[in-house]
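K.L.:
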Amino acid sequence: MFTKQTKALFLMAPVALAIVGCSDEETSTADVKDSAYWADIQVNSNGDKNSSTVKADLKVSGPTGNSLKLQKGEKIEVRAGGLSKELKYDKDFLGSDYETAIGIDETGTEFDVRFYPLGKKPFISTVKMPEKYAISAPKQGAVFKSNEMVQVLWDKPTQKSTRFKLDATYQCTPKDGQTKFSYVYDLSKDTGSYTFDLAKAEQLKASDIDRSKPCYLEAVLKRTNTGELSKEYGKGGKIEAHQTRKVKVQINF
Numbered sequence: 059m060f061t062k063q064t065k066a067l068f069l070m071a072p073v074a075l076a077i078v079g080c081s082d083e084e085t086s087t088a089d090v091k092d093s094a095y096w097a098d099i100q101v102n103s104n105g106d107k108n109s110s111t112v113k114a115d116l117k118v119s120g121p122t123g124n125s126l127k128l129q130k131g132e133k134i135e136v137r138a139g140g141l142s143k144e145l146k147y148d149k150d151f152l153g154s155d156y157e158t159a160i161g162i163d164e165t166g167t168e169f170d171v172r173f174y175p176l177g178k179k180p181f182i183s184t185v186k187m188p189e190k191y192a193i194s195a196p197k198q199g200a201v202f203k204s205n206e207m208v209q210v211l212w213d214k215p216t217q218k219s220t221r222f223k224l225d226a227t228y229q230c231t232p233k234d235g236q237t238k239f240s241y242v243y244d245l246s247k248d249t250g251s252y253t254f255d256l257a258k259a260e261q262l263k264a265s266d267i268d269r270s271k272p273c274y275l276e277a278v279l280k281r282t283n284t285g286e287l288s289k290e291y292g293k294g295g296k297i298e299a300h301q302t303r304k305v306k307v308q309i310n311f
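Residue 184 in the working numbering sits at position 126 of the sequence shown, with consecutive numbering throughout.
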């Protein structure tokens, strides 16, 4: 039985790709007025290499609209901490967007993301990176028994961020051999500690689980700041910066 915060998926990898992978129609910015532009700009650091990824997803009218393809002479650029990088066009089975990596992820750094439309002033959007932190426990790949407690510890915040999320994924192998993922959302506030009581986890009690094989628990922590999106995007959108950390452990029966 799953709570309202839990979602279970029973998927083999090829099937998952077939479900997720869908066509993404594109429209040139030459064919769309500024009043119909919508933007989702995401800055993320996972704590590795002191760098951040920046992605800009431009759409027509809203999040479900066609992707906007820049004309020749247009560009999207990010500036942060004295550095600047141009975002490059990227397309895969998930769709198309513009992205880059930039070598900075320090707390409070302002990311200035500029879209330069042809013959017009740039659309300037800004967001500040939330506070950096590290997960101190458990160690990546640690092994637990299915009746034990898993305490996740991370650095408590000294600054306020817009929001915080701790999500979890249980991954087990049912007797039919397919992979089973169970997602649990919004488990904790930014308190520096959260404990998983494996003995009470409904995801580990399912009768179809092959207990001769281990399950896995992955915790994903995300601090987020919301910034100020340029008002030139006529249909709005959002710009956000995240400090994301993950830890994955093994569970034996």
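Note that CB positions come from ideal geometry on N, CA and C, so glycine has one too.
Keep in mind it's a predicted model, so treat the numbers as computed, not measured.
DSSP has N205 in a bridge; who is on the other side?
P.N.:
As a position in the sequence shown, residue 205 is number 147, starting the count at 1. Looking at the DSSP assignment, N205 forms no beta bridge with any residue, so it has no partner.
K.L.:
Any idea what DSSP makes of D106, helix, strand or coil?
P.N.:
What you label residue 106 is simply residue 48 of the sequence shown in a count that begins at 1. Three-state result, D106: coil.
K.L.:
State the Cα-Cα distance for the pair A114 and M187, rounded to the nearest angstrom.
P.N.:
Here the question's residue 114 lines up with position 56 in the sequence shown. Here the question's residue 187 lines up with position 129 in the sequence shown. Approximately 16 Å, taken between the alpha carbons.
K.L.:
In this structure, how does DSSP classify L262 when only helix, strand and coil are distinguished?
P.N.:
Here residue 262 refers to the residue found at position 204 when the sequence shown is read from its first residue. Here L262 sits in helix by DSSP.
K.L.:
Can you tell me which of the three DSSP states D225 falls into?
P.N.:
Locating residue 225 in the sequence shown gives position 167, counting from the first residue. Strand, per DSSP.
K.L.:
Taking all protein chains shown into account, do 16 or more other C-beta atoms lie within 10 angstroms of the C-beta of N283, making it buried, or fewer, making it exposed?
P.N.:
What you label residue 283 is simply residue 225 of the sequence shown in a count that begins at 1. Flag for N283 reads buried.
K.L.:
Comparing alpha-carbon positions, which option in V242, Y228, G161, D234 lies nearest I309?
P.N.:
For the purposes of this step, residue 309 is taken as the residue at position 251 of the sequence shown. Comparing Cα-Cα distances from I309 to each of V242, Y228, G161, D234, the minimum goes to Y228.
K.L.:
Express the C-alpha separation of R303 and K293 in angstroms, rounding to a whole number.
P.N.:
As a first step, residue 293 must be located in the sequence shown, where it is residue number 235. As a first step, residue 303 must be located in the sequence shown, where it is residue number 245. Each residue's Cα considered, the two are about 32 Å apart.
K.L.:
Whose CA, out of A88, F222, S93, lies closest to the CA of G120?
P.N.:
What you label residue 120 is simply residue 62 of the sequence shown in a count that begins at 1. Out of A88, F222, S93, S93 has the C-alpha closest to the C-alpha of G120.
K.L.:
Using C-beta distances below 8 Å, list every residue in its chain close to T184, excluding the 5 sequence neighbours before and after it, in chain order.
P.N.:
Position 126 of the sequence shown, counted from the first residue, corresponds to residue 184. For T184, where only same-chain residues beyond five positions count, the Cβ hits under 8 Å are E168, F169, D170, V171, G285, E286, I297.
K.L.:
Here's a check: name, in chain order, each residue in its chain whose Cβ is nearer than 8 Å to the Cβ of P232, leaving out the five neighbours to either side.
P.N.:
As a first step, residue 232 is located in the sequence shown; it is residue number 174 there, counting from the start. The residues are F68, K238, A264, D266, I267, D268.
K.L.:
Three-state secondary structure (DSSP) at D150?
P.N.:
Residue mapping note: residue 150 aligns to position 92 of the sequence shown, counting from 1. In this structure, D150 counts as strand in the three-state DSSP scheme.
K.L.:
Report the residue from D148, Y291, A259, T253 whose alpha carbon sits nearest the alpha carbon of Y241.
P.N.:
To locate residue 241, count along the sequence shown from 1; it is residue 183. Among D148, Y291, A259, T253, the Cα nearest to that of Y241 belongs to A259.
K.L.:
Is K186 helix, strand or coil when you go by DSSP?
P.N.:
Residue mapping note: residue 186 aligns to position 128 of the sequence shown, counting from 1. Looking at K186 - three-state DSSP - the assignment turns out to be strand.
K.L.:
Cβ atoms of L126 and T165: under 7 Å apart, would you say?
P.N.:
Indexing the sequence shown from 1 puts residue 165 at position 107. Indexing the sequence shown from 1 puts residue 126 at position 68. Result no, Cβ atoms of T165 and L126 do not sit closer than 7 Å.
K.L.:
Going by the C-beta, is Y174 closer than 6 Å to any heavy atom of the ligand ADP?
P.N.:
This structure simply doesn't include the ligand ADP, nor any ligand for that matter.
K.L.:
Would V305 and Q198 qualify as a contact pair, given that the criterion is a beta-carbon distance under 7 Å?
P.N.:
In the sequence shown, counting from the first residue as 1, residue 305 sits at position 247. In the sequence shown, counting from the first residue as 1, residue 198 sits at position 140. Yes; because the gap between Cβ atoms is below 7 Å, this pair is in contact.
K.L.:
Run the CB neighbour count on D155, radius 10 Å, all protein chains shown included, and call it buried at 16 or more, exposed below.
P.N.:
As a working mapping, residue 155 is identified with position 97 in the sequence shown. Classification for D155: buried.
K.L.:
Just how far apart, CA to CA, sit A277 and K179?
P.N.:
Working through the sequence shown from its first residue, we reach residue 277 at position 219. Working through the sequence shown from its first residue, we reach residue 179 at position 121. Whole-angstrom Cα-Cα distance: 42 Å.
K.L.:
At the level of alpha carbons, what is the spacing between K271 and G235?
P.N.:
Counting from one through the sequence shown, the residue named residue 271 turns up at place 213. Counting from one through the sequence shown, the residue named residue 235 turns up at place 177. Going by the C-alpha atoms only, they are around 11 Å apart.
K.L.:
Assign D155 to one of three DSSP states: helix, strand, or coil.
P.N.:
As a working note, residue 155 is residue 97 in the sequence shown. Looking at D155 - three-state DSSP - the assignment turns out to be strand.
K.L.:
With DSSP collapsed to three states, give me the class of T87.
P.N.:
Numbered from 1 along the sequence shown, position 29 holds the residue referred to as residue 87. Helix at T87.
K.L.:
Looking only at its chain, what residues have a beta carbon closer than 7 Å to the beta carbon of L128, apart from the 5 residues adjacent to it on each side?
P.N.:
In the sequence shown, residue 128 corresponds to position 70, counting from 1. Same-chain partners within the cutoff: T87.
K.L.:
Given a cut-off of 7 Å on the beta-carbon distance, is the pair K218 and D244 in contact?
P.N.:
What you label residue 218 is simply residue 160 of the sequence shown in a count that begins at 1. What you label residue 244 is simply residue 186 of the sequence shown in a count that begins at 1. No, the Cβ-Cβ distance between K218 and D244 is not below 7 Å.
K.L.:
According to DSSP, simplified to helix, strand and coil, what is L145?
P.N.:
Counted from its first residue, the sequence shown places residue 145 at position 87. In this structure, L145 counts as coil in the three-state DSSP scheme.
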